[in-house]
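Engineer: Could you have a look at this structure, given as structure tokens, before my questions?
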Amino acid sequence: MAIRENLELIQNNIEKACQRVKRDPRQVQILAVCKDQGPEKIRQVLDLGIRLLGENKTQEAELHMQYLAGSNINWHFIGKLQKNKINKILGMFHFIESVDGVKSLEHIHKRVDDPIEVFIEINIAEEKSKSGFTIEGLKKAIPYISNLNKVTVSGLMAIPPYFEDAEKIRPYFSRLREMQNTINHMAIPNLKISHLSMGMSHDYEIAVEEGATIVRIGTALFGRRKA
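Numbered according to numbering that gives the first Met the number 0, the sequence shown terminates at residue 226, and the numbering increases by one at each position without gaps.
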């Protein structure tokens, strides 16, 4: 299917998922994952009203940003944070969704002049192959985060394990939502979790049912990448 039809299907699925749990579909934003996509395809999703674009690599993001200069875009960095590229990332992106540890927070805090909002990446299944705070690790870091005067944590992001049966992923999304509720009830300075960035092409409907405010969609929107 063409990108327009893909987007309409995604939007319809999000609306149905919201209806099932009595949510307002306007609470859910689609973030288009631009990894390995040509700028012409990205232009198409912009023309269809998508304004959140996610990038994994700074080099590829630079090409996309040059091509789309002047467009009204909210750029999110969703890739692996590397210490030697944090300065560059801070200068390019509106949001960093993949802050994966206290050291990353420290590096960001040292390098920003104006306050910035970030998302904390949670290794929700504590997989060795993935980065991110564990839930317990984030709890231990809360006193440190509360003292950061130039970094505000406004969201949690997670990539659960993959299961062919997407229903098996639901407990991980539910766990992230519970973490959001726990943190917000604590009323901690610099830590107001307004966003849950969870759910991708395979499982976004379940993520929406469990409270996602941002779903990161690549394949279901752009089609399968060429090998």
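Even glycine gets a Cβ: it sits at the ideal position worked out from N, Cα and C.
Only a predicted model underlies this, so the values are computations on that prediction, with no experimental measurement involved.
Taking Lys34 and Ile2 to be in contact with their CB atoms under 8 Å, please state how far apart those CB atoms are, rounded to whole angstroms.
Structural biologist: In fact, because the Cβ distance is near 16 Å, the residues do not count as touching under 8 Å.
Engineer: Who does Asn73 pair with in a DSSP beta bridge?
Structural biologist: Leu51
Engineer: Under three-state DSSP, which class holds Ala157?
Structural biologist: strand
Engineer: What does the Cβ neighbour count give for Val98, buried or exposed, with the cut at 16 atoms within 10 Å?
Structural biologist: buried
Engineer: Could you pull the DSSP bridge partners for Thr218 from this structure?
Structural biologist: Per DSSP, none; premise fails for Thr218.
Engineer: Count the other C-beta atoms from every protein chain shown that fall within 10 angstroms of the C-beta of Phe162, then say buried if there are 16 or more, exposed otherwise.
Structural biologist: exposed
Engineer: State the CB to CB distance for the pair Val27 and Val207, rounded to an integer number of angstroms; the pair is presumed to be in contact (CB under 8 Å).
Structural biologist: With a beta-carbon spacing of about 6 Å, Val27 and Val207 fall inside the 8 Å limit used to define contacts.
Engineer: In three-state terms, what does DSSP make of Ser173?
Structural biologist: helix
Engineer: Considering only their Cβ atoms, is the gap separating Gly131 from Cys120 smaller than 7 Å?
Structural biologist: Per the sequence presented here, residue 120 reads as Glu, with Cys not at that position. Yes.
Engineer: So for Asn11, helix, strand or coil by DSSP?
Structural biologist: helix
Engineer: Quick check on this structure: which residue in Gly222, Gly48 and His75 has the alpha carbon closest to the alpha carbon of Gly90?
Structural biologist: His75
Engineer: Per DSSP, what kind of secondary structure is Arg19 in: helix, strand or coil?
Structural biologist: helix
Engineer: Taking its Cβ as the centre, do 16 or more other Cβ atoms sit within 10 Å of Pro114, making it buried, or is it exposed?
Structural biologist: exposed
Engineer: To which residues of the same chain is Ala157 closer than 6 Å at the C-beta, ignoring the five residues directly before and after it?
Structural biologist: Ile121, Ile123, Leu175 and Met197
Engineer: Please state whether the Cβ-Cβ distance between Ile9 and Ala165 is less than 7 Å.
Structural biologist: By the CB criterion at 7 Å, Ile9 and Ala165 fall outside the cutoff.
Engineer: DSSP three-state call for Thr181: helix, strand or coil?
Structural biologist: helix
Engineer: Between which residues of its own chain and Arg50 is the CB-CB distance below 7 Å, once the five residues before and five after are set aside?
Structural biologist: Asn71, Ile72 and Asn73
Engineer: Quick check on DSSP: helix, strand or coil for Ala226?
Structural biologist: Bear in mind that a pLDDT of 48 at Ala226, under 50, signals an unreliable position, so the number given afterwards is only what the model happens to contain. Correct three-state label for Ala226: coil.
Engineer: Buried or exposed for Ser193, please, with buried defined as at least 16 other CB atoms from any protein chain shown within 10 angstroms of its CB.
Structural biologist: exposed
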